[in-house]
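Enquirer: What follows is a single structure, and I will ask about it in a moment.
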Amino acid sequence: MTVDDHPLLREGIAAVLEGSFDAKLVAEASNGREAIEQFRVHRPDVTLMDLKMPEMDGIDAIRHIRGEFPSARIVVLTTYRGDTEALQALRAGAQGYLLKSALRKELIEAIVSVHAGRRYIPPDIARAIAEHIADDELSARELEVLRHVAAGNSNKIVAGMLGVSEDTIKAHMKNIMEKLGARDRTHAVTIAFHRRLLNLQ
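Written out as structure tokens, the structure reads:
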């Protein structure tokens with residue numbers, strides 16, 4: 021099954037599968053909700069799942085499908101190299117992670133590997149995960165502070181919103197910047213969005 025909100029990409033995958041090896045495309049979906057419904061009907065051996073889609077994103081869909089069907093085998097398809105996104109997808113239950121730019125070269129190998137019960141993670145993605153997995157993760161409070169800062173609020177305003185002193189917010193921001201390797205607040209927010217620690221609403 022292919023899950024992507026771009027019909028052209030789904031057609032491209034179908035063409036690669038048709039011309040390459042003995043695999044049958046049994047279902048398509050354009051968002052996470054459709055993916056769950058189609059999975060229940062067709063029970064595909066391998067699902068190719070986009071991450072960013074309307075209505076329900078790929079990570080939520082993976083969690084739902086794996087919760088209902090623990091043996092489901094899912095390969096994430098994405099344009100994004102971010103280590104945090106890769107980790108979120110793998111923690112949600114995906115067994116493979118494939119960049120859309122590498123589809124023609126690596127799609128078949130990824131499907132065969134995951135169908136055989138192995139993980140499929142490109143070396144550069146694996147390196148990025150290894151580099152960041154040992155990092156201190158931001159605490160729930162630090163994420164809360166960063167969300168308010170990302171919305172354009174000053175330390176003083178954030179302090180008032182959270183009922184703490186401005187010095188406390190400054191201390192949180194110092195820790196956040198150290199953990200993210202950021203030069204300043206704006207850089208910290210940018211890094212957090214790139215690594216999907218924060219999502220655009």
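Residue numbers (our numbering): 21 to 221. Using N, Cα and C, we set each Cβ at its ideal position, and we do this for glycine too.
#1: Please name the residue, chosen from L107, R203 and V178, that lies closest to R147 on a Cα-to-Cα basis.
#2: Who does M69 pair with in a DSSP beta bridge?
#3: H84: buried (16+ other C-beta within 10 angstroms of its C-beta) or exposed?
#4: In chain order, what residues of the same chain have a beta carbon less than 6 Å from the beta carbon of D65, not counting five sequence neighbours either side?
#5: I need the straight-line Cα distance from L163 to E198, nearest angstrom please.
#6: Hey, out of A170, L218, M181 and S121, whose CA is closest to E157's CA?
#7: To the nearest angstrom, how far is the alpha carbon of G52 from that of D24?
#8: Could you give the DSSP three-state label for L200: helix, strand or coil?
#9: For the candidate residues G172, R161 and R93, whose alpha-carbon lies nearest to that of G116?
#10: Would you kindly work out how many angstroms separate the C-alpha atoms of L60 and S40, rounded to a whole number?
#11: Is DSSP giving L45 helix, strand or coil here?
#12: Indicate whether the contact test is met: 3 or more Cβ pairs, each with one atom in the region 118–131 and one in the region 30–44, closer than 8 Å.
Expert: Considering the structure as presented:
#1: L107
#2: V23 and V96
#3: Result: buried.
#4: H135
#5: 14 Å
#6: L218
#7: C-alpha separation (whole angstroms): 9 Å.
#8: helix
#9: R93
#10: Looking at the sequence shown, residue 60 is not Leu but Arg. If you take the alpha carbons of R60 and S40, they lie about 27 Å apart.
#11: For L45, the secondary structure class from DSSP, reduced to helix, strand or coil, is coil.
#12: yes
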